[in-house]
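**Q** This is the structure, below, for whatever I ask next.
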Amino acid sequence: MKLSKFIFITLVLLSSFACKKKEVPESNFEKDVLNSVFVEIVDSIYMDRRIVLPPPMPKRDFKTNKEDTIGYHAELKKYEHFEDSIKKDTTRILIGVYDYVVNNKIRNEKFDLTPFKNNKKFDFQYTSKFPDELHWEVHDYKSGMPVGTIEISNIKFNKNKTLGIIEATASCGGGKCGRGFEITIENKSGKWHIAKIVQTWVS
């Protein structure tokens, strides 16, 4: 009786271990794919709050039906000059990345930013290091805060794992601006790249 019980427990443990072994390659595959397209995704959708909000349009005087353009064109020119300087700046852009992948199927692990620590364009940091982005001042970009945030979902692959769909959001913080995207990625010649980006919402 004891022997049969021992054999039964052993078989259960072995079958459990075998199941886990089958899951790991699938999980690692998704991680590798996500890592291979992550920077390309960020570069395509990120919002930079330093330049995302141009000067407000001139106010209209409803009595005269004329716009008050005094100073507006000077402000617009100043903004365009600043926008140009930002685009030419080679300093790494600080992006806040949400700690966990949405609908995460990758063992509920924190999204690993280590593979991107030496990226030349972006400095990726977890959003958990900073105050909640809803409290960010949109025009405060000189206090060591990220210029925007990125949140991504797990990948929904097709049957042959040649195509995948990722849901992603980009925000400039402060609850002032955000966009949602459906991103189709494709495996061509063994390398994954973005095939299509569709904006699904904007706020």
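64 is the number that my numbering gives to position 54 of the sequence shown; each next residue is one higher, with no gaps. By construction, the Cβ of each residue, glycine as well, lies at the ideal position given by its N, Cα and C atoms. None of the values given here were measured: they were computed from a predicted structure.
Please report the distance separating the alpha-carbon of Ser46 from that of Glu196.
**A** So the alpha carbons of these two residues sit roughly 11 Å apart.
**Q** Find out if the Cβ-Cβ distance for the pair Gly106, Gly200 is shorter than 9 Å.
**A** Not a contact, by the Cβ cut-off of 9 Å.
**Q** Please report the distance separating the alpha-carbon of Val52 from that of Val208.
**A** In a straight line, the C-alpha of Val52 is about 14 Å away from that of Val208.
**Q** Report the rounded CA-to-CA distance for His145 versus Ile162, giving the unit in angstroms.
**A** Rounded to whole angstroms, His145 to Ile162 spans 21 Å at the Cα level.
**Q** For a minimum of 3 consecutive residues, which ranges assigned as the beta strand (DSSP E) are wholly contained in the segment 49-103?
**A** Runs found: 69-71, 76-78.
**Q** So, are the CB atoms of Val148 and Lys88 less than 9 Å apart?
**A** Not closer than 9 Å, so no.
**Q** Between which two residues does the beta strand (DSSP E) holding Lys139 run?
**A** From DSSP, Lys139 is part of no beta strand (DSSP E); its letter is neither H nor E.
**Q** For Tyr56, which of Ile204, Gly190, Thr194, Thr210 has the nearest alpha-carbon?
**A** The shortest C-alpha separation from Tyr56 is found at Gly190.
**Q** With DSSP collapsed to three states, give me the class of Leu173.
**A** The answer is strand: DSSP assigns Leu173 an E or B state.
**Q** Since Lys136 and Asp109 are thought to touch, with beta carbons under 8 Å apart, how far apart are those beta carbons, to the nearest angstrom?
**A** According to the sequence displayed, residue 136 carries Tyr and not Lys. Yes, they are in contact, since the Cβ atoms of Tyr136 and Asp109 sit about 5 Å apart, within 8 Å.
**Q** When you compare only the Cα positions, how much space is there between Val34 and Glu143?
**A** For Val34, the predicted structure reports a pLDDT of 40, less than 50, and the residue's modelled location is therefore unreliable. A value from the coordinates is still provided. Using only the alpha carbons, I get a separation of about 34 Å.
**Q** Three-state secondary structure (DSSP) at Asn168?
**A** Asn168 falls in the coil class under three-state DSSP.
**Q** Check whether the Cβ atoms of Val111 and Leu44 lie closer than 9 Å to each other.
**A** Yes, the pair counts as a contact, with Cβ atoms nearer than the cut-off.
**Q** By how many angstroms is the C-alpha of Ile193 removed from the C-alpha of Met67?
**A** Looking at the two C-alpha atoms, the distance is approximately 33 Å.
**Q** Do Arg102 and Asn129 have their beta-carbon atoms positioned less than 9 Å apart in this structure?
**A** Going by C-beta atoms, Asn129 is nearer than 9 Å to Arg102.
**Q** In this structure, how does DSSP classify Asp42 when only helix, strand and coil are distinguished?
**A** Three-state result, Asp42: helix.
**Q** Please go through the same chain and pick out, in chain order, the residues whose beta-carbon is closer than 7 Å to the beta-carbon of Phe121, but skip the five residues on each side of it.
**A** Excluding residues within five positions, the ones whose Cβ falls inside 7 Å are Val107, Asp109, Tyr110, Val111.
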